[in-house]
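For the sequence shown, numbering that gives the first Met the number 0 gives the first residue as 0, with consecutive numbering after it.
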Amino acid sequence: MRRWYLRVLMRLVHGYYALSRGMTIGVRAACFDVEGRVFLVRHSYLPGWHLPGGGLDRDETALEGLLRELREEGNLETTAPPTLVQVYYNRRTSRRDHVVFYRCDGVRQTLPKVPDLEIAASGFFALDALPDDTTPATRRRLGELAGSTAFDSYW
Numbered sequence: 000m001r002r003w004y005l006r007v008l009m010r011l012v013h014g015y016y017a018l019s020r021g022m023t024i025g026v027r028a029a030c031f032d033v034e035g036r037v038f039l040v041r042h043s044y045l046p047g048w049h050l051p052g053g054g055l056d057r058d059e060t061a062l063e064g065l066l067r068e069l070r071e072e073g074n075l076e077t078t079a080p081p082t083l084v085q086v087y088y089n090r091r092t093s094r095r096d097h098v099v100f101y102r103c104d105g106v107r108q109t110l111p112k113v114p115d116l117e118i119a120a121s122g123f124f125a126l127d128a129l130p131d132d133t134t135p136a137t138r139r140r141l142g143e144l145a146g147s148t149a150f151d152s153y154w
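Okay, here's the thing in C-alpha cells:
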C-alpha cells in the first residue's frame, strides 16, 4: 500500500472540513492541449490517474481555485477561459462534498511538473491511450464530454 499515512491524513483533513464547514467544495478540470490530449495526475496518496483539481480555499472563487490548482498540480496555463460543465455531488468523499467541473481547451504547460509530496506523476494522454489505472470517475467525465456517456449528477 503506497503511503498509507497520507491516506489517513486526507481522511483527517476531510473530517476537519466536515466539522468546520457546512459543505466542502472542490474543482476539477478536463484540460486539453492543442493536440487534443488530456492532462492527468497521479497523487501520492490516492490510487489511479485523476483530472487535476482540489479543494477551494477560504475566500476563493471556484475559478480562482481552479487556476491555482492547475498551476500547482501541472504548471498549466489556460489560453482561453475555462468552461463550466457541471456541479457534481461527491458522496464517496463525504455527504457534504461537491465538485465544480470545468473544461479547459488549449492549455499549455509552462514547465514539466516535477514529482513532489502531492503529485507523484503527471502528463498529457491521448483519449484512446489513457493509463490502465485511470479512475472510473475520470473516465466517466471524459465520456460525458465526448458525448458517449450521459451526464450524471454524482461524481
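We put the CB at the ideal spot given by N, CA and C, even for glycine.
- Setting aside the 5 residues that flank it on each side, residue 125 is surrounded in the same chain by 36, each with a C-beta closer than 6 Å to its C-beta; the list follows chain order.
- Counting along the chain, residue 35 sits inside no alpha helix (DSSP H), nor does DSSP assign it H or E at all.
- Relative to the Cα of residue 72, the nearest Cα in the group 93, 130, 109 and 78 belongs to 109.
- When the five nearest sequence neighbours on each side are left out, the beta carbons in the same chain lying within less than 8 Å of the beta carbon of residue 105 are those of 31, 32, 33, 77, 78 and 79, in order along the chain.
- Distance from the Cα of residue 12 is smallest, within the candidate group 154, 66, 96 and 59, for 96.
- Assignment of residue 133 by DSSP, reduced to helix, strand and coil, places it in the strand class.
- Taking 7 Å as the cut-off, the Cβ atoms of residue 89 and residue 48 do not count as close.
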